[in-house]
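S.K.:
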Amino acid sequence: MNSQTNYYQDQPNTGVIRRYDFTVSRGTIAPDGYELSTILVNGQFPAPLIEANWGDTIQVTVHNDLDDEGVSLHWHGILQKGMPWEDGVPGVTQCPIPPKKSFTYQFLADLYGTSWYHSHYSAQVAAGLFGPLVIYGPREKKDYDIDIGPVMLSDWYHKEYFDLVEEIMKPGGNGVVLSDSNLINGKMNFNCSSVAPGDKTPCKSNAGISKFRFKRGKVHRLRLINPSAEAIQRFSIDGHTMKVIANDFVPVQPYDTNVVTLGVGQRTDVLVRANGKLDSYWMRSNISAICSLGRAPAALAAIYYDNANQKKAPKSQAWDIPDPGTCANDDLSITKPVMKLPLPPADKTIELDISSFKNASNVTLWTLGGVAARTNYNSPTLLLSKLGNHTFEPEWNVINTGKAKSVRVVVNNKTPVA
């Protein structure tokens, strides 16, 4: 199998099992200098990197060490063909893992490239319960020299996640909350002088930023991931052009750009040649001012060439890249898959609108296909279906496609800002 293999139809099975053991627990950290009780995996934020080769089996045993809430982990972008119960969505594919209990996920690494995993329980992802997932695939040509690895671009909040949920769901609210910071690989400096009067939370202004090493003249692969709770990220590197080679597990015809836009959950792989004249440069990720709300939307990390002094801050200048204000990805017309896959004729077409409204309690709710979905954590729809129950509550928003083998889904964004 190679890069021309139809990865949606043909996946290798190496027989190799990549085993991971995760303990989910509470812990106090200060990724930007402001201390906060968060949810960690093996005491780490971001959570540990999962690595596998295409066709390996990934096995992750999750121990829920939280006192009073469940946990589930979703493996973003994995097809889960023949094993949908491993998808990690409580109320749909499983019950949450109860406090002080364990559960083992096991699934095939059926696609290759860059992705991530995260909690799908309530809004725990906003508490830091996410980590990178890299599946190494075929590589017939040496188009880069060094794999820098995951570069995670995440908004950050100075409130516990359930406080954010309550703020969003309060009557009269607008359904959004402002992030307090923006992080690159879990680090950024926050200006502690901007903390609200009366807030006695320990805060250190110079917490530190992420730093990367480039080798002059070499081509580096960066695996960009947006695990944010809400933010659209716009990523750039001063003085360097990026060559995009993949989006969301899909290899694309390479193209050059100075900025990459990533919505929540999206991944983009880029190649960067270290051909700058300076010894150090700023790496930047800015939360889109039009579409996302942040008190400190600009994140910085530093790139140092060879043996450059990492104690000195870069003096590079940012690209002049105005925010287009469209809340959309970069122009999709330049994104062409390496391998074109013919679409089968659709047996059924479903059209769904994304929108929002105020309910009778003046709470902002978001809808898909006219339904503000709610699930029952104790009754996963997949289990009910297996048991022969094919009648579901309307608020579960289950769509029955009958015997259709190919379904086309048309999604229309009817939200006010698009």
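Numbered by this note's numbering, the letters in the sequence shown go through residues 67 to 484 in order.
Using N, Cα and C, we set each Cβ at its ideal position, and we do this for glycine too.
1. Rounding to the nearest angstrom, what Cα-Cα distance links S351 and G252 in this structure?
2. Between D10 and the rest of its own chain, which residues show a CB-CB distance below 6 Å, the 5 nearest in sequence each way excluded?
3. Would you mind sorting V488 into buried or exposed? The rule is 16 or more other CB atoms within 10 Å of its CB.
4. Pick out the complete beta strand (DSSP E) segments inside the segment 207–292, 3 residues or longer, and give them in chain order.
5. Is I465 helix, strand or coil by DSSP?
6. In three-state DSSP terms, what is S399?
7. Determine, using beta carbons only, whether A384 and D304 come nearer to each other than 8 Å.
8. Using the C-alpha atoms, what's the distance from Q160 back to Q77?
9. With 16 other CB atoms within 10 Å as the buried threshold, where does A340 fall?
10. What residue does the alpha helix (DSSP H) around T447 start on, and which one ends it?
11. Return helix, strand or coil for Q319, following the three-state DSSP convention.
12. Would DSSP call A312 helix, strand or coil?
13. What is the DSSP secondary structure of P388, reduced to helix, strand or coil?
14. Buried or exposed for E152, please, with buried defined as at least 16 other CB atoms from any protein chain shown within 10 angstroms of its CB.
15. So what's P150 in DSSP terms, helix, strand or just coil?
16. How about V318 and V404: are their beta carbons less than 8 Å apart?
17. Report the three-state DSSP secondary structure of A484 (helix, strand or coil).
18. Whose C-beta lies closer than 7 Å to the C-beta of V231 among residues of the same chain, with five residues either side of it excluded?
19. As a quick exercise: from D122, N130, P162 and S427, pick the residue whose alpha carbon is nearest that of I144.
20. Can you tell me the Cα-Cα spacing of L102 and L431, whole angstroms?
21. Work out the CA separation of A379 and Q299 for me, nearest whole Å.
22. Using the three-state DSSP reduction, which class does I438 fall into: helix, strand or coil?
23. Helix or strand or just coil, what does DSSP make of V330?
M.R.: In this structure, then:
1. 12 Å
2. For the chain, the structure presents residues 67 to 484; residue 10 sits outside this window and is missing.
3. Nothing about residue 488 can be reported from this structure: the residues present for the chain run from 67 to 484 only.
4. 212–222, 247–250, 277–280 and 285–291
5. coil
6. helix
7. With contacts defined as CB atoms closer than 8 Å, A384 and D304 qualify as a contacting pair.
8. 25 Å
9. Counting Cβ neighbours within 10 Å, A340 comes out buried, since at least 16 surround it.
10. T447 to K452
11. strand
12. strand
13. coil
14. buried
15. Note: P150 maps to helix in three-state DSSP.
16. The Cβ atoms of V318 and V404 sit closer than 8 Å to each other.
17. With a pLDDT of only 48 at A484, under 50, the local geometry of the prediction cannot be trusted, and no value is derived from it.
18. S188 and A189
19. D122
20. L102 and L431: Cα-Cα distance of roughly 28 Å.
21. 23 Å
22. Residue identity check: residue 438 is Ala in the sequence provided, not Ile. The answer is coil: DSSP assigns A438 none of H, G, I, E or B.
23. Residue state, collapsed to three classes: coil.
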